[in-house]
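Just so you know, the sequence shown maps onto residues 76 to 376 in this note's numbering. The beta carbon of each residue, even a glycine, is placed where N, CA and C say it ideally should be. Below is one structure; the comments refer to it alone.
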Amino acid sequence: MADLDDVKGGRNFFAGTPIPHRGFFVQGAHSLDWGMKNRLAQIFDARSGRTLMLAIDLGFFQGPTTGLERIDVSILPLLSCADALMVTRGVLRTSIPPEMNKPIVLRCTAGQSVLKELSNESLSVAADDAARLNASAMAAQAYVGAQYEHESICNVAELVDRSQRTGIPVLGVTGIGKDMARDARYLGLATRIVAEIGAHFVKTYYCEPDFEDVVLGCPVPIVVAGGKKLSEIDALWMAFKSIDQGAAGVDMGRNIFQAEHPLAMIQAVRAIVHGNARPEYAFDLYCSLKENVAAPISAVS
Ligand code: R5P
76 MADLDDVKGG RNFFAGTPIP HRGFFVQGAH SLDWGMKNRL AQIFDARSGR
126 TLMLAIDLGF FQGPTTGLER IDVSILPLLS CADALMVTRG VLRTSIPPEM
176 NKPIVLRCTA GQSVLKELSN ESLSVAADDA ARLNASAMAA QAYVGAQYEH
226 ESICNVAELV DRSQRTGIPV LGVTGIGKDM ARDARYLGLA TRIVAEIGAH
276 FVKTYYCEPD FEDVVLGCPV PIVVAGGKKL SEIDALWMAF KSIDQGAAGV
326 DMGRNIFQAE HPLAMIQAVR AIVHGNARPE YAFDLYCSLK ENVAAPISAV
376 S
């Protein structure tokens, strides 16, 4: 019988006792097949165990978002600083050069717009097309507690079944309805559900307090979404606190491509994710890099 009256959230996450990696550096992936591990190792850097994903999959439900009007102008110059690109197949085929050597996390759900109920999604990409696009992961969103909770959780489950056939791992994203709390109790519930369904890594939001418990309660890596645009220093603090409390990376969109200087911002976030930089140092780096916007970074290297 489920604890319906008073959800019995976990209370003892044994903070201070690290979760063992059991022979492969990506948490929870030790028993996966070679192809799954290889694709995860494209997304997560084996040296730091972390990833800096650039999320540009917003237009599929909210149109030409600020900063994404021209992918060729605003996004391609950032790619060399990202470890992976989260994107829809429409933008991938039309706007991303195939010479790019960054792994693709392919958005595989759609069906709603910002004008209607966000949780009303379906799977939108067949597994063979994900393979054709050389995706390193497929992403689906679970809206726990929302109107279409059941359908969206089933989307993740179906994508996991497809991943077992193709060897392409699944990123489970915790979609959050407009009026829902983003606290540790809710995010712990949503991330654990997505991981138990079989997602190989999970994207969710940072929260205070107790984000560390969300991470410890999830048996696969958590990457943190950036969410709405913050000031640059606040976004860097959020990235720092996420990593410091156990996240295996960030999957950041608006807080990078809507920054005053996106190329400087992505390098500052990178210093936190892979270099364990403090936010004060990362912000100083951002300020000095933005004075030197002509930094010679190739668009697709
Ligand atoms: C989340 O559902 C989608 O992947 C978003 O497109 C993504 O979160 C965008 O990144 P951010 O929230 O950092 O702008």
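Whole-number beta carbon distance between Ser-199 and Ala-185, since they are thought to touch under 8 Å: 4 Å
Distance check for Tyr-223 and Phe-286, CA to CA, integer angstroms please. 26 Å
Say yes only if the C-beta of Asp-132 is nearer than 7 Å to one or more non-hydrogen atoms of ligand 1, and no if none qualify. Asp-132: yes, Cβ under 7 Å from ligand 1.
If I'm right that Gly-321 touches Gly-292 with Cβ under 8 Å, what's the distance once you round it to whole angstroms? Contact flag wrong, Cβ pair sits at about 11 Å.
According to the neighbour-count rule (16 or more other Cβ atoms, all chains shown, within 10 Å of its Cβ), is Thr-92 buried or exposed? exposed
In terms of residues, what are the limits of the beta strand (DSSP E) holding Ala-215? 212-217
Distance, Cα to Cα, Gln-137 vs Ser-227? 19 Å
Met-313 Cβ short of 7 Å to ligand 1 heavy atom set: no
So Val-269 and Ala-217 are supposed to be a Cβ contact under 8 Å. How far apart are they, rounded? 5 Å
Relative to ligand 1, is the shortest distance from any of its heavy atoms to the C-beta of Ala-159 smaller than 7 Å? no
Extract the residue ranges of the beta strand (DSSP E) inside the region 126-169, only unbroken runs of 3 or more that lie entirely within it. Counting only unbroken stretches of 3 or more residues, the beta strand (DSSP E) elements lying wholly within the region 126-169 are 126-130 and 159-162, in sequence order.
So for Ala-322, helix, strand or coil by DSSP? It is coil, neither helix nor strand.
For the beta strand (DSSP E) holding Arg-182, just list the boundary residues, first then last. For Arg-182, the enclosing beta strand (DSSP E) starts and ends at 179-182.
So does Gly-328 have its beta carbon nearer than 7 Å to some heavy atom of ligand 1? yes
Three-pair Cβ contact test at 8 Å for the region 149-156 versus the region 94-107: no
Tell me the rounded alpha-carbon separation between Ile-341 and Ile-331. 6 Å
Tell me whether Pro-139 is buried or exposed, calling it buried when 16 or more other Cβ atoms sit within 10 Å of its Cβ. exposed
Run through DSSP, which three-state label would Gly-263 get? helix
Ignore the nearest five residues each way along the sequence and tell me which others in Met-255's own chain have a CB closer than 8 Å to its CB. Gly-220, Ala-221 and Tyr-261
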